[in-house]
Amino acid sequence: RRHAAHHSGDSDGGRGRHESTHAEAGDRAAAHAHAKGHAPRSEGKARESKARHEERHAAAAAAGLADNSSCNCLATKMILLPAEFPALADRFCAAFRRAVAATRPEPAWYPGMRERYEKWRESVTRAGATVEVLDAAPPKAVGALASGEHAALPFALADLGTVSADDAGRLDRAFADVAWTREEPFAPVCCILRVGGATLEAYAAAAFALADRQLWGNLSCAVYAPDAAVPLALRAAADKTLRYGAVGINTPTFLCYKPAGYWGGPRGVNSLADAQSGVGNVCNMLMLDSARSCAVVCKFDQAPPGQLPIGAWGSKLLCRLICLGWRGLLPW
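Residue numbering for the sequence shown follows UniProt numbering, beginning at 1 and increasing consecutively.
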């Protein structure tokens, strides 16, 4: 049930094509502007917009880690980033860390959570990871769960360095401990791994194969990529390169779990001998017998759900009204 977040790098293969006359005019304008010592205004705005949306996607991944003390079967547990595009990977990591550090942890309410937290830390440490504990934000006080054995655990991130993977997802590097790839920790922890690939296509192929073949669990994953690279992710979901029940493209995976979506592990992939994220599934509202997975696609520059103007309080009130009608306005 591992939620793998892939962030595709910018490359010439990931950009849209333009007519040559437009490109030449743009080059002349850029050269003129640089000669004056500043970048074209549109270029600066594009960079600002891109950085803003990268921050939003990183914040969405952080919310996936933090929600419900990270005790969700689609929580963010592994982030794969492009090693050959270090500036992009560094920006995403920095934004993710800032978002996690600013989040108040919730009580360790799930049975055995503390033991799994420590077991994960031991595993990634043996694997050679650098573990960073983010505990700047004060924990949430939730009645009797605020202290004692249920006191909140700080978020922990493990940087596992850089690897390359072949078409079968086999890594070029042996880890002393691989429990972090096979066991799902219901705890506020997350691994970060950079994957080699000189082009966007090569990186995507390696990252998809690694996520599909090496990381146990196939309930859902999210792919963050520029709009021009979205077809890569869609093809991977369609041709079973990404064998997940739900694939969110430029969106957190929880958006896939709406009535029209597909709920469960991918049909025809899991078995009783290797159940992973389940053999069965919940039928979608379209009642399609042959559905084996689903994909939800958003534009890269679309604000992720959860960052809409109504805020958390408004969202909770709206949910109460939908579920309870006018009784949702009552204080109990």
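Note that CB positions come from ideal geometry on N, CA and C, so glycine has one too.
Check: For residue 246 and residue 68, what's the separation of their Cα atoms in angstroms?; Outcome: 20 Å
Check: On the three-state DSSP scale, how would you describe residue 80?; Outcome: strand
Check: Locate the alpha helix (DSSP H) running through residue 123, then write down its first and last residues.; Outcome: 113-126
Check: With DSSP as the reference, label residue 166 as helix, strand or coil.; Outcome: coil
Check: Let's see if you can read the secondary structure: which residues bound the beta strand (DSSP E) around residue 194?; Outcome: 189-195
Check: Rounded to whole angstroms, what's the CA-CA distance from residue 83 to residue 164? Just pull it up for me.; Outcome: 9 Å
Check: Just reading off the beta strand (DSSP E) that residue 132 is part of, what are its end residues?; Outcome: 130-134
Check: Taking just the CA atoms, how far does residue 295 sit from residue 266?; Outcome: 12 Å
Check: Between the C-alpha atoms of residue 227 and residue 331, what's the straight-line distance to the nearest angstrom?; Outcome: 44 Å
Check: Pairs of beta-carbons, one from the segment 51-64 and one from the segment 99-116, closer than 8 Å: are there three or more?; Outcome: yes
Check: What did DSSP end up calling residue 36 once you bin it into helix, strand or coil?; Outcome: Unreliable positioning characterises residue 36 in this predicted model, as indicated by a pLDDT of 41, which lies under 50. The coordinate reading is nonetheless provided below. Residue state, collapsed to three classes: coil.
Check: Among residues of its own chain, excluding the 5 on either side of residue 57, which ones have a beta-carbon nearer than 6 Å to its beta-carbon?; Outcome: 224
Check: Just verifying my parser: in three-state terms, what is the DSSP assignment at residue 68?; Outcome: helix
Check: Just to confirm the assignment, what range does the beta strand (DSSP E) spanning residue 223 have?; Outcome: 220-224
Check: Ordered along the chain, which non-local residues of its own chain (more than five positions away) have a Cβ less than 8 Å from that of residue 134?; Outcome: 97, 100, 101, 154, 155, 156, 157
Check: Shortest alpha-carbon distance to residue 142 belongs to which of 117, 106, 166, 162?; Outcome: 106
Check: Could you pull the DSSP bridge partners for residue 264 from this structure?; Outcome: 281
Check: Are residue 282 and residue 276 closer than 9 Å when you measure CB to CB?; Outcome: no
Check: With distance defined between alpha-carbon atoms, name the residue in 233, 325, 175 nearest to residue 203.; Outcome: 233
Check: Would a C-beta distance cut-off of 9 Å place residue 244 and residue 218 closer than the cut-off?; Outcome: yes
Check: Give the secondary structure of residue 148 by DSSP, where H, G and I count as helix, E and B as strand, and everything else as coil.; Outcome: helix
Check: Can you tell me whether DSSP reads residue 245 as helix, strand or coil?; Outcome: coil
Check: Could you check how far apart the C-beta atoms of residue 75 and residue 120 are, in whole angstroms? I think they sit under 8 Å.; Outcome: About 13 Å separates the two Cβ atoms, so there is no contact after all.
Check: Count the other CB atoms, across all protein chains shown, that sit within 10 Å of the CB of residue 48; report buried if there are 16 or more and exposed otherwise.; Outcome: exposed
Check: Nearest by alpha-carbon distance to residue 382: which of 287, 112, 132, 128 is it?; Outcome: Because the chain is modelled from 1 through 332, residue 382 falls outside the range shown and cannot be assessed.
Check: Measure from the alpha carbon of residue 149 to the alpha carbon of each residue in 320, 159, 114, 221, then state which is nearest.; Outcome: 114
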